[in-house]
Amino acid sequence: MPAVIPLVGVNFARRTTNREYKLGTPQLDDDNRTWVYVQASEAVATGTCTVSGAFALTDAAGSHTADTAFVSGEYGWVRKTTSPL
């Protein structure tokens, strides 16, 4: 799905070993969902995950969702799926 706030080359399913954007960069998609650019600190399967304040991704259930799996050390996008109260 395309990004609404245009950043060149954004592909939410893309995983890389080299950083392409600043960690923590937010991006809206065409369904008004917020995505965040992170780095996996461990292997992360698809599904809910946790993003730390330093934008490190872990496989623990949390407030974000990885729609594509990550290998430890990879960079990519996860979407925010819950809001704090």
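At position 56 of the sequence shown (counting the first as 1) the number is 162 in the working numbering, and the numbers step up by one without a gap. Glycine included, each C-beta is placed from N, C-alpha and C at the ideal position. Note that the structure is a prediction, hence the values are computed from the model and not measured.
* To do: Go through its chain and collect everything with a Cβ distance to Ser178's Cβ below 6 Å, but skip five positions before and after it.
  => By 1-based counting over the sequence shown, the position of residue 178 is 72. Within the same chain, Ser178 has close Cβ partners Ala146, Glu148, Ala149.
* From Gly115 to Ala160, what distance separates their C-alpha atoms? -> In the sequence shown, the residue the question calls residue 115 occupies position 9. In the sequence shown, the residue the question calls residue 160 occupies position 54. Computed Cα separation, rounded: 23 Å.
* Those residues which DSSP pairs with Lys186 across a bridge -> The sequence position of residue 186 within the sequence shown is 80, counting from 1. According to DSSP, Lys186 bridges with His170.
* Beta-carbon gap between Lys186 and Val144 smaller than 8 Å -> Locating residue 186 in the sequence shown gives position 80, counting from the first residue. Locating residue 144 in the sequence shown gives position 38, counting from the first residue. No.
* Asked: Which class does Gly179 belong to by DSSP, given the choice of helix, strand or coil?
  -> The residue you call residue 179 lines up with position 73 of the sequence shown. Here Gly179 sits in coil by DSSP.
* Can you tell me the Cα-Cα spacing of Glu180 and Asn138, whole angstroms? -> Reading the sequence shown from its first residue, position 74 is the one you call residue 180. Reading the sequence shown from its first residue, position 32 is the one you call residue 138. Answer to the nearest angstrom: the Cα atoms are 25 Å apart.
* To do: Measure the C-alpha to C-alpha separation of Arg125 and Thr131 and round it to an integer number of angstroms.
  => One-based indexing of the sequence shown puts residue 125 at position 19. One-based indexing of the sequence shown puts residue 131 at position 25. Taking the straight line joining both Cα atoms gives about 12 Å.
* To do: Can you give me the Cβ contacts of Ser169 inside the same chain, cut-off strictly under 7 Å, excluding the 5 residues immediately before and after it?
  => Taking the first residue of the sequence shown as 1, we reach residue 169 at position 63. So the qualifying residues of the chain are Lys186, Thr187, Thr188.
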